Structures are given as structure tokens and as C-alpha cells.
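Residue numbers (the UniProt record's numbering): 1 to 596.
These notes are about the structure you will find just below.
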């Protein structure tokens with residue numbers, strides 16, 4: 001028995017070492033959060049008890065538990081290193097998408113980790129005895145385990161609330177970095193399982209608020225001219241010149257810099273860092289927010305299961321063609337299905353690009369701009385197009401391009417400098433592709449708006465190393481970042497250009513979920529009650545993002561924010577999980593195959 005206990009203690013210690021990196025940090029955690037350390041061990045014991053109940057073989061059970069724990073621990077290590085986020089239970093749903101992460105994991109350290117894992121399992125096999133237990137012992141252990149899992153997974157129970165209050169278990173789910181840092185990986189992962197399931201909202205409160213919105217609904221009014229609206233979400237587009245220690249051989253984004261003097265310009269606050277692109281699409285197109293969904297979850301895959309209000313639906317009501325384009329596989333993040341449910345007439349993926357120019361690993365941004373023009377020229381009605389590029393997707397290997405237009409000087413080692421150089425070349429190419437598009441639509445008689453922004457900052461280095469070494473942030477621990485550091489690590493350039501009006505405006509920072517309001521505003525379209533509500537929310541709270549916690553000066557400010565976001569949460573719940581479907585949405589799409 002003692003060998004089993006030692007193994008459980010070792011597993012907790014080793015898994016924490018994988019993500020905390022140093023023995024000192026682990027010892028500090030054990031010293032400061034000793035209860036959580038023991039809770040992690042007990043959590044593993046509960047899982048082991050279930051395995052032993054099933055097999056009645058301690059050796060097989062501890063090997064099975066150790067294998068699962070080590071795999072999850074290593075995946076957590078690499079995910080945090082390359083995405084800046086820990087591993088969540090809902091990540092296990094990502095099948096094909098997860099395989100793409102393998103492109104980042106290919107160095108010697110990975111081989112070393114595999115060998116270490118095999119060695120640990122072999123050691124456990126040799127050390128741990130094969131013990132059989134009586135049925136009474138197994139039933140008793142199973143009973144205790146089930147009680148424990150019931151308490152942590154069903155937190156509305158009185159006993160569960162009592163456990164959390166008495167134990168002081170960290171329940172800061174909005175700040176998952178803090179949640180994992182204090183609770184430890186095993187316990188935090190188990191506690192998060194409950195939040196995979198979105199709790200139901202009181203029907204009376206939900207219906208009362210949504211009915212008030214419907215009472216205030218008015219008929220949509222559209223401007224006489226219906227401008228084409230082209231939205232380009234450029235992969236990992238960001239402004240590296242914000243890092244003052246970098247030097248570039250030429251201007252990196254001359255087109256963007258020039259356009260911002262005659263356009264609306266600001267910074268989009270992304271719900272993601274280094275990946276999770278589809279969640280930005282979800283926020284912008286529907287106005288819903290990842291603020292109310294589990295951190296690390298993918299809305300397209302897990303929560304978008306029926307038609308919801310969206311920008312495409314709003315524009316279809318007044319005769320727009322709605323087209324989505326992504327220069328990658330149509331199955332990725334279940335985009336094809338999601339775009340149907342958001343009201344797009346057509347979704348174009350990489351399969352529809354004929355002999356495209358590939359630059360680096362993916363279809364080039366210039367090819368993407370040409371595709372946009374092709375779609376526009378074939379459109380018979382005012383066009384709403386939402387495009388997601390791919391060229392500058394990671395990994396940003398230094399040998400990615402055969403030819404470079406940009407050279408970079410930075411206080412980095414050769415590998416990190418090569419990654420930064422490749423990334424910067426991608427930014428420069430994106431700027432050229434934007435110029436190509438702008439030059440074309442300058443000469444188009446039809447009024448046209450072009451919205452351009454990046455979806456999130458890039459993954460550069462491991463554990464934010466490039467950002468730290470260049471002095472952009474102070475360290476690689478997000479929980480210790482200042483408000484300003486948290487904000488700038490999720491802020492990407494955002495531009496709204498028009499070929500029929502010339503107006504400069506500083507938009508400041510704007511959450512992804514509020515951008516749809518700005519798009520409707522640029523078209524002079526009277527928004528639906530839902531988007532009107534979002535616009536009012538934006539005026540009060542331009543930034544709504546889990547990664548950038550709100551700072552309030554007074555208790556009244558805190559209360560106002562909580563009341564408004566609770567209304568938002570109720571609306572979003574009704575959008576995603578309510579039984580009623582807006583009849584205007586259905587009517588606008590009754591000829592589409594997925595409604596038949």
C-alpha cells in the first residue's frame with residue numbers, strides 16, 4: 001500500500017514540475033497551498049479507487065492511472081508553453097484540431113519527455129505490488145470516491161457549498177491561470193469538468209428580460225445605399241513595432257499606417273492568445289461572448305447548435321449576399337456547420353481555391369485578396385463577406401520563407417530571431433495584400449467598407465519568451481502581469497476603411513463581441529434589439545474579456561457591471577440554448593438546405 005501512496009505523491013509532484021519548471025516553485029506552492037497539494041493526492045486516490053474496484057488489480061490500476069496522468073501532464077506542459085493556457089477538460093474534444101499542435105512540438109525535448117515518461121511507468125511497474133482487495137474494501141473506497149466527485153462536480157448541493165466554504169478551495173474560474181496555479185493541475189482539471197456544462201438560467205428571469213427586448217423591437221431601417229462590407233480577419237496579425245527594442249530594415253506595415261490617418265482605427269481586444277481563432281469569429285459574427293463560456297472551450301464545436309442572431313442574418317433581411325471564406329480546411333473547428341447556423345449563404349474553403357499561390361506553409365494572403373475580388377465580381381447583390389486568412393499561422397520557423405523582404409534586429413538568440421523574422425515577413429505580406437485590395441476597391445463605384453484586424457497575438461517562443469526577452473512584458477507568468485500588460489497581450493490592430501467617406505476616428509480598445517455593432521453602424525443599419533443592447537454595453541464597457549479583469553473604483557460601479565453582464569449572460573443563454581428561434585431568422589433562410 002505504501003508504494004501506491006508514494007506513487008500518487010510522486011505523480012502530483014512530477015505533474016506540477018512539468019508546468020512550474022523549478023523545484024523551488026513547487027515547494028513554495030506546497031508550503032503556501034498545502035491543503036491543495038493533499039487534495040490533488042486525494043483526487044488521484046479517488047480515481048485509483050475506481051480503477052481498483054473495476055480490476056481488483058493494484059498494479060494494472062496504478063499503471064493505468066499513471067499513464068493517463070502523465071499524458072495529461074505533458075499535454076498541459078506543451079499547451080501552456082505554446083498557447084499560454086493550461087489544459088482544460090473540453091480540450092479533449094478537439095480531435096483533428098489537436099493534431100495541428102504537433103507542428104509546434106518537434107524538438108529534442110519532446111523525445112526526452114517520451115523517454116522519461118516510459119522510464120517512470122517502468123519504475124512504477126517494478127515497484128508497485130499486485131494487491132487484491134476484498135469486495136467490502138473496494139466498495140467502501142468506491143463509495144468515498146463517488147461522494148468526493150459528487151461534491152466537486154455538483155456544486156449546488158448544500159454539502160458541496162459547505163466543502164468549498166470550509167476548505168477555501170479556489171474557485172476563481174474567470175482567471176484560469178490563477179485557478180490552476182493555486183489549486184494544482186489535477187484538482188483544477190477535475191473542478192473544471194463541471195463547467196463544461198453551461199448551467200441553466202432561471203426561466204422567469206430569462207423570459208422577463210428577453211420579452212422586454214421584444215417589446216422594444218422596431219422595424220429595421222436601412223440606408224438607401226447598401227455598402228458592400230468586407231471583413232478580413234488576418235491570422236495572428238499584430239504590430240511588432242510596439243516592441244521598442246526591435247529594429248526593422250523597412251517600414252513593416254506602410255499601408256496600414258497610411259490608412260489609419262483617414263479611417264476608423266483602434267485595437268480589438270481578443271478573447272484568445274496564440275490560437276482559438278474560431279472563438280473570435282463567434283464573438284464578432286454573433287455578438288455573443290466567450291466571457292460567459294468556459295475558458296479554453298470552442299464555441300463552434302461545443303455550443304453553436306442552432307441558428308442564432310448574427311450579422312449575416314441582419315444583413316440578409318435587407319438583401320445582402322453573405323459569404324464566408326477561409327483558406328484552410330472546411331472541417332476545422334466545424335466551420336462549415338457553424339457558418340450555416342450563422343446565416344451565411346455560402347462558405348468557401350481552401351478546396352475552392354484553384355492552383356493557389358502558397359507562401360510558407362499556407363495559401364498566401366495575396367491569393368486571399370484575389371479570391372475576395374473574384375467573389376465580389378460574381379455577386380449580384382450587396383455583399384457581406386467575412387474572410388479568415390491563413391498565411392501567417394504558426395509555427396513561425398526561421399526557414400519558412402525562401403526570400404525575406406524584412407530584416408530584424410532584436411536581443412534574441414538565433415532561433416527566436418528567426419521565428420520573429422518569419423512572423424514579421426508574414427505581417428509585411430499581409431500589409432501588401434491589404435494594399436492590393438484597397439487599390440482595387442478605390443476604383444469601384446459601389447460604396448464599400450473594408451474591416452481589417454488580427455485575430456490574436458502570435459505564439460513567439462516558449463512560455464512568452466520572445467515577449468519577455470524583448471521587454472514587452474516583465475515575465476512569463478500571466479497572473480503577475482499588470483492590467484496594461486494583460487491588455488496589450490490580447491490587443492490587435494483594428495481598421496475600418498471606406499471608399500465613399502474619409503473620416504479619421506480613434507476607436508481605442510474594443511472587445512471582439514462589440515465589433516459587430518460597429519459593422520452595422522458603418523452600414524447605417526438599424527440594429528435588432530440584441531445588437532442595440534450590445535452597443536449600449538460597449539459604450540459603458542468597451543473591454544469585456546476574461547484575460548483582462550475589470551477594475552472598478554466604487555462598489556456601485558461593480559454592481560452596475562454585474563447587473564449589465566447578467567442581462568448579457570441571460571440573452572446569450574437564450575441565443576445558444578433557448579427553445580425559441582427568431583422567426584425572422586428562419587424566414588430569411590427557409591430556402592437554405594440546413595433549414596429544410
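No residue lacks a Cβ here, since even glycine has one placed at the ideal position from N, Cα and C.
Only a predicted model underlies this, so the values are computations on that prediction, with no experimental measurement involved.
Query	Result
Nearest to residue 536 (by Cα), restricted to the options 554, 245, 296 and 517	517
Where residue 276 falls, given that 16 or more other Cβ within 10 Å makes a residue buried	buried
DSSP three-state assignment for residue 493, whether helix, strand or coil	strand
Nearest neighbour of residue 576, chosen from 405, 337, 464 and 286 [CA to CA]	286
C-alpha distance - residue 119 paired with residue 374, whole-angstrom precision	57 Å
8 Å Cβ cutoff met for residue 570 and residue 561	no
At least 3 beta-carbon pairs within less than 8 Å: the stretch 406-426 vs the stretch 374-386	no
Nearest candidate by alpha-carbon position, reference residue 403, set 113, 91, 425 and 478	425
Residue 506 - containing beta strand (DSSP E), residue span	505-511
Reduced DSSP category for residue 539 - H, G, I as helix; E, B as strand; rest coil	helix
Closer than 8 Å to chain D by CB, residue 52	Among the protein chains of the structure shown there is no chain D, as only one such chain exists.
Nearest-angstrom Cα separation, counted from residue 13 out to residue 603	Past the edges of the chain, shown from 1 to 596, lies residue 603, and the structure says nothing about it.
Separation of residue 113 from residue 446, as counted between CA atoms	58 Å
With 16 other Cβ atoms within 10 Å as the buried cut-off, status of residue 77	buried
Residue closest to residue 568, alpha-carbon to alpha-carbon, out of 422, 358 and 291	291
Cut-off 6 Å between Cβ atoms - residues of its own chain near residue 330, not counting five sequence neighbours on either side	336 and 349
Sheet register partners of residue 326 (DSSP bridge)	388
Sheet register partners of residue 545 (DSSP bridge)	548
DSSP beta-bridge partners of residue 245	Answer is none; residue 245 lacks a bridge partner.
Stretch-stretch touch, CB-based, cutoff 8 Å, three pairs: the stretch 339-348 with the stretch 298-308	yes
Bounding residues of the beta strand (DSSP E) (the contiguous stretch that carries residue 229)	228-234
Span of the alpha helix (DSSP H), counted from its first residue to its last, around residue 366	365-377
Reference residue 455, options 462, 88, 284 and 398, closest by Cα	284
Contact test: residue 342 Cβ vs the ligand FMN heavy atom, cutoff 7 Å	Absence of the ligand FMN from the depicted structure is noted, as is the absence of any ligand whatsoever, leaving it without description.
Straight-line Cα distance separating residue 490 from residue 65	37 Å
Presumed contact (8 Å Cβ cut-off) between residue 233 and residue 510, rounded CB distance	About 14 Å; that fails the 8 Å criterion.
Environment of residue 5 [buried if 16+ CB atoms lie within 10 Å]	exposed
Limits of the alpha helix (DSSP H) - the one that residue 406 falls within	Run containing residue 406: none; DSSP gives neither H nor E here.
Residue burial classification, residue 1 (beta-carbon count within 10 angstroms, cutoff 16)	exposed
When 79, 282, 230 and 132 are compared against residue 185, the one with the closest alpha-carbon	79
Residue 254 classed as buried or exposed, judged by whether at least 16 other C-beta atoms fall within 10 angstroms	exposed
Nearest to residue 294 (by Cα), restricted to the options 444, 39, 558 and 85	85
For residue 454, the three-state DSSP class (helix, strand or coil)	strand
Beta bridge counterpart(s) of residue 268 as assigned by DSSP	492 and 510
Endpoints, alpha helix (DSSP H) assigned at residue 258	254-259
Given 8 Å, three or more beta-carbon pairs between the stretch 315-326 and the stretch 256-264	no
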